[in-house]
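Under the numbering used here, the first residue of the sequence shown is numbered 33, with each subsequent residue one higher. Data first, discussion second: the structure below is written as structure tokens.
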Amino acid sequence: MRSLRSRLRPLLVTGAVVGVAVLCVPTALGIAGLVGWTDVLALTFLGLLAAAVGVLGLGTLLLYRRVGALSRSVTTAMDTHSRRVTETLGRDRMETTRALDDVRERVVHLQKETLPRMGRDIRNAVAVQGRDDYEQQVAWTELRDHLDTAAFMPPLRGWAASPDVLRLLVRHIDRLRPDLVVECGSGASSVWIGYALRRAGGGRLVAVEHDARYAELSRDLVAAHGLDDVVEVRHAPLVETPVTTVTVQGEELPTADRWYDPSVFADLKGIGLLFVDGPPKATGLQARYPAVPTLLPRCAEDVVIVLDDAARRDERAIGDRWLAEHPELQRTEEAAEKGAHVFTR
Ligand SMILES: C[S@@+](CC[C@H](N)C(=O)[O-])C[C@H]1O[C@@H](n2cnc3c(N)ncnc32)[C@H](O)[C@@H]1O
Numbered sequence: 033m034r035s036l037r038s039r040l041r042p043l044l045v046t047g048a049v050v051g052v053a054v055l056c057v058p059t060a061l062g063i064a065g066l067v068g069w070t071d072v073l074a075l076t077f078l079g080l081l082a083a084a085v086g087v088l089g090l091g092t093l094l095l096y097r098r099v100g101a102l103s104r105s106v107t108t109a110m111d112t113h114s115r116r117v118t119e120t121l122g123r124d125r126m127e128t129t130r131a132l133d134d135v136r137e138r139v140v141h142l143q144k145e146t147l148p149r150m151g152r153d154i155r156n157a158v159a160v161q162g163r164d165d166y167e168q169q170v171a172w173t174e175l176r177d178h179l180d181t182a183a184f185m186p187p188l189r190g191w192a193a194s195p196d197v198l199r200l201l202v203r204h205i206d207r208l209r210p211d212l213v214v215e216c217g218s219g220a221s222s223v224w225i226g227y228a229l230r231r232a233g234g235g236r237l238v239a240v241e242h243d244a245r246y247a248e249l250s251r252d253l254v255a256a257h258g259l260d261d262v263v264e265v266r267h268a269p270l271v272e273t274p275v276t277t278v279t280v281q282g283e284e285l286p287t288a289d290r291w292y293d294p295s296v297f298a299d300l301k302g303i304g305l306l307f308v309d310g311p312p313k314a315t316g317l318q319a320r321y322p323a324v325p326t327l328l329p330r331c332a333e334d335v336v337i338v339l340d341d342a343a344r345r346d347e348r349a350i351g352d353r354w355l356a357e358h359p360e361l362q363r364t365e366e367a368a369e370k371g372a373h374v375f376t377r
């Protein structure tokens, strides 16, 4: 607006000068008596009209030029803007295309590799599980056929020992006919071992349990099966035991600092079968390790020690340590769902 005003200023000045000249020249001619006063008026009017037309024409021309410049700058701005929009859209489109290509590649990888591999893994896992279930079913049936048990038996597997390791224990009981069986960790297995000892015609089981509640439950279970004369469940709280360190994946870690109160074993001698199935793993690293150093002096010469859950890295390491510290021991790895290592000397 300011620039338009400054452009119009010379025009107005010129108009004013022309206007003054148009007023002055006829008046001067009139004073000089060269033209009559009527002609002076006519000349003045005509002069003013011509000046007005001239100024208007010049103004229109200026305005026309200004509008032209404005329209050019608007066109340029629009061109620049539309070019930018086009460039941005092009870039976005390229990025979207790249992202879609990436997704397509992943889908193809999923279809050709991941899904078939997952399918194979699932089929293998189902096959292994099916085989495991079948084997446990067979072991359960053999146990039921072999032992004269009650109709309703405490369920196995899960937190309890699996049928295959119990079948192994029963075979050893049948062969050794031990006077004394010791079990670290009581539960369903205490009942099954009780039936096996009754069938063998002698011997007793001392099941040691760190948890007072489970000791009570195990006792009830034993009583419900009428096995109190064969199975004794002893509550033995965990007490401090010397801590050592073990190397796990290159890291030195402390072992469990608690194990069954040893006084609970004070009267036990000539253990013929030792079943190590406690304390639970949650107690700490190598929680079951103290069983052999503590109880081996209380075992019969032909003792059989069965370590359950030997498929676990921690239990395997416990076995390695027993063998290293007691060279008279030998280990046999039995095929069992959770892994069962048998130690003899
Ligand atoms: C590895 S489990 C095995 C116990 C036992 N040897 C058996 O096979 O049934 C070890 C611990 O499980 C706990 N336990 C006993 N009865 C249980 C039950 N009914 N439910 C969950 N845990 C139980 C006890 O604390 C026991 O020491």
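All C-beta atoms in this analysis are idealised placements derived from N, C-alpha and C, irrespective of residue type, glycine included.
Check                                                                                                                      : Outcome
Inter-residue CB distance, E365 and R377 (contact presumed, cutoff 8 Å)                                                    : Contact doesn't hold; Cβ gap of about 17 Å is too wide.
Beta-carbon proximity of L227 to T173, cut-off 8 Å                                                                         : The amino acid at residue 227 is misidentified as Leu; the sequence shows Tyr. Cβ distance not < 8 Å, so Y227 and T173 don't count as in contact.
Heavy atom of ligand 1 within 7 Å of H141 beta-carbon                                                                      : no
E241: CB within 7 Å of a non-hydrogen atom of ligand 1                                                                     : yes
E215: CB within 7 Å of a non-hydrogen atom of ligand 1                                                                     : yes
L212 vs V336 beta-carbon contact at 8 Å                                                                                    : no
Unbroken stretches of the beta strand (DSSP E), 3 residues or longer, contained in the segment 82-140                      : none
Whole-angstrom distance between R231 and P311, CA atom to CA atom                                                          : 28 Å
Through-space distance from V262 to V254, alpha-carbon basis                                                               : 9 Å
Any non-hydrogen atom of ligand 1 closer than 7 Å to D309 Cβ                                                               : yes
Reduced DSSP secondary structure (H/G/I, E/B, other) of L253                                                               : helix
Residue of V99, F184, V54 and A74 minimising C-alpha distance to G86                                                       : V54
Chain-order list of residues whose beta-carbon lies under 8 Å from that of R266 (same chain, five-residue window excluded) : V238, A239, V240, E241, A247 and V296
Distance cut-off 7 Å: G249 Cβ against heavy atoms of ligand 1                                                              : What sits at residue 249 in the sequence shown is Leu, not Gly. The answer is yes for L249.
Short Cβ contact (8 Å threshold) for A342 with A323                                                                        : no
Beta strand (DSSP E) segments (min. 3 residues) lying fully within the segment 189-221                                     : 212-216
Minimum length 3: unbroken beta strand (DSSP E) runs contained in the segment 226-311                                      : 236-241, 263-267, 270-272, 277-280, 283-286, 290-292 and 303-308
Residue burial classification, G89 (beta-carbon count within 10 angstroms, cutoff 16)                                      : exposed
Cβ neighbours of I303 in the same chain (closer than 8 Å, five flanking residues each side left out)                       : P210, L212, V213, V214, L327, R330, C331, A332 and V335
For T376, the residue or residues it bridges with in DSSP                                                                  : Q362
Short Cβ contact (8 Å threshold) for D340 with V160                                                                        : no
Closer than 7 Å: S295 CB and nearest ligand 2 heavy atom                                                                   : Questions concerning ligand 2 fall outside what the structure shown contains, since the ligands it does hold are ligand 1.
Status (buried if at least 16 other CB within 10 Å, exposed otherwise) for D165                                            : exposed
Y246 CB to nearest heavy atom of ligand 1 below 7 Å                                                                        : yes
Identity of the residue in L317, A256, D299 and P269 nearest E284 by Cα                                                    : L317
Which residues DSSP lists as bridging I350, in chain order                                                                 : BP columns for I350 are empty, so no partner.
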